[in-house]
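Per the UniProt record's numbering, the very first residue in the sequence shown carries number 1; after that it's consecutive. This report concerns only the one structure given below.
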Amino acid sequence: MTGAFTIHRALKPKGSELPHHVHDEGQLTFAASGTVQVHTDEGVWLLPPQLVAWVPAGVPHRLDILTDAELWIILWRKEAIRDWAPPSFPGRAFVSQVTPLLRALLDEAVSVDPASGKAELMVRLALHELTVLQDAPTFLPMPKSALGRRLADLALADHRNALEVSVLASRAATSVRSASRLFPLETGMTLKAWRQRARIVWAMEQLSRGKTIPAVAAQAGFASTAAFSAAFRQVTATTPTAFQGGASLNTVPSSAHQGELVTRRRDEETASGEPPIHTPCHNRGVSELLQAVVAYKARHLSQPDHSIGCQVGSHPA
């Protein structure tokens with residue numbers, strides 16, 4: 001299989017974008033520095049360096065560059081995903097944590113000769129590492145109907161959450177009951193939970209742009225920095241200060257927040273129910289990492305090796 005994957009690195013200035021487009025490859029996007037937004041028909045993902053985004057082949061998407069960013073993009077042909085990814089690999093777009101192992105795999109993949117066997121091994125294992133990661137709370141699902149979009153746009157413009165639901169409903173020409181019933185059906189979240197998520201995602205975007213925590217807290221309508229930090233922690237399980245420092249984000253809502261969510265079965269759950277395997281590799285040398293990678297491959301990749309080619313490009317698709 002020739003040209004099974006391509007690896008791109010690019011520096012993108014603040015305010016630029018990769019316009020709405022679609023292609024036949026699955027795409028992994030990682031901002032090694034800076035912050036970007038990934039848009040699909042499902043919703044919007046905020047992508048700081050703690051996270052990677054996966055967009056399947058054939059899914060229209062757009063990237064907005066919020067700050068000066070170094071983008072690493074890997075594209076896999078459908079045949080490569082079929083042959084290399086585990087059966088449980090998700091068929092939808094998602095955002096996942098950058099584990100130490102995944103970061104090391106990406107570092108190696110973009111640093112070595114892309115036509116080498118080492119690059120192939122790195123990108124194959126990256127697919128397997130992605131399947132054990134949970135979605136982070138930077139995703140804001142968007143309603144599909146015209147009414148849902150009107151409500152969402154009105155709520156997004158009110159990032160202080162100052163408007164009552166009755167006001168939003170009135171401005172969208174609907175009732176409170178209809179608005180409250182629509183959001184769980186179209187987003188999987190109650191309207192209250194969706195607005196809180198939108199508020200915190202907006203705050204994360206502002207923090208990523210370099211704004212101070214007190215300024216963001218005030219602009220988001222919180223009575224104090226402490227109140228902002230408490231709400232931020234409820235959604236992300238980390239503090240605004242830790243987020244600015246690159247801390248991992250929560251993947252499961254806190255117990256207080258869970259009551260506002262509509263339970264949905266994750267379509268990427270593994271049939272076996274086996275727990276994910278994460279290989280810690282903090283401060284690990286390349287040789288030690290590769291030993292761990294080889295062991296991981298022996299345990300989890302039962303497919304025979306293919307003769308794989310790789311193309312190198314400078315323009316992320």
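Note that beta-carbon positions come from the ideal geometry of N, C-alpha and C, so glycine has one too. Everything numeric in this text was worked out from a predicted model, so none of it was measured.
Just tell me which of Ala126, Glu164, Ala172 and Ala218 has its CA closest to the CA of alanine 53. Ala126
If arginine 171 and leucine 154 are in contact, beta carbons under 8 Å, what's the gap, nearest whole angstrom? With a contact defined as Cβ atoms closer than 8 Å, arginine 171 and leucine 154 qualify at about 6 Å.
Does histidine 128 come out as helix, strand or coil in the three-state DSSP assignment? Correct three-state label for histidine 128: helix.
Exposed or buried, alanine 193, counting other C-beta atoms within 10 Å across all chains shown (16 or more means buried)? buried
At the level of alpha carbons, what is the spacing between histidine 21 and arginine 62? Approximately 7 Å between the Cα atoms of the pair.
Is arginine 209 helix, strand or coil by DSSP? coil
If we ignore side chains and look at the alpha-carbon of each, how far apart do histidine 257 and proline 114 end up? Any reading at histidine 257 must be qualified, since the residue scores a pLDDT of 35, below 50, and its modelled position is unreliable; no value is offered.
Beta strand (DSSP E) segment containing proline 141, residue limits: Counting along the chain, the beta strand (DSSP E) containing proline 141 begins and ends at 139-141.
Proline 86 versus leucine 130 - alpha carbon distance: Distance between proline 86 and leucine 130, taken at the CA atoms: about 10 Å.
For proline 19, the first and last residue of its enclosing beta strand (DSSP E): 17-21
Taking 6 Å as the limit between beta carbons, can you name the residues of its chain near glutamate 260, skipping five residues before and five after? In this prediction, glutamate 260 scores a pLDDT of 39, lower than 50, which makes its location untrustworthy; no coordinate-derived value is stated.
Enumerate in chain order the residues of its own chain whose CB-to-CB distance from alanine 57 is below 6 Å, with the five nearest sequence positions on each side excluded. Cβ-Cβ distances below 6 Å link alanine 57 to Asp24, Glu25, Gly26 and Lys78 in the same chain, with the five nearest sequence neighbours on each side left out; the list follows chain order.
For proline 143 and alanine 93, the rounded distance between their alpha carbons: 16 Å
Distance between serine 111 and arginine 9 (C-alpha atoms, nearest Å): 10 Å
According to DSSP, what are the bridge partners of aspartate 64? For aspartate 64, which the question treats as bridged, DSSP gives the partners Glu17 and Gln37.
Outcome for alanine 215 when other beta-carbon atoms lying within 10 angstroms are tallied against a minimum of 16: exposed
Beta-carbon within less than 8 Å of proline 19's beta-carbon, same chain only, minus the 5 sequence neighbours each way: which residues are those? Arg62
Answer yes or no: do alanine 69 and serine 33 have a C-beta to C-beta separation smaller than 8 Å? yes
If you run the structure through DSSP and keep just helix, strand and coil, what is arginine 12? First, the amino acid is wrong: residue 12 is lysine here, not arginine. Of the three classes helix, strand and coil, the one that applies to lysine 12 here is strand, per DSSP.
Ignoring anything shorter than 4 residues or poking outside the region 41-122, list the alpha helix (DSSP H) runs there in chain order. Within the region 41-122, the alpha helix (DSSP H) runs of at least 4 residues that lie entirely inside it are, in chain order, 78-84 and 100-111.
Following the continuous alpha helix (DSSP H) through serine 170, name the residue where it begins and the one where it ends. 165-171
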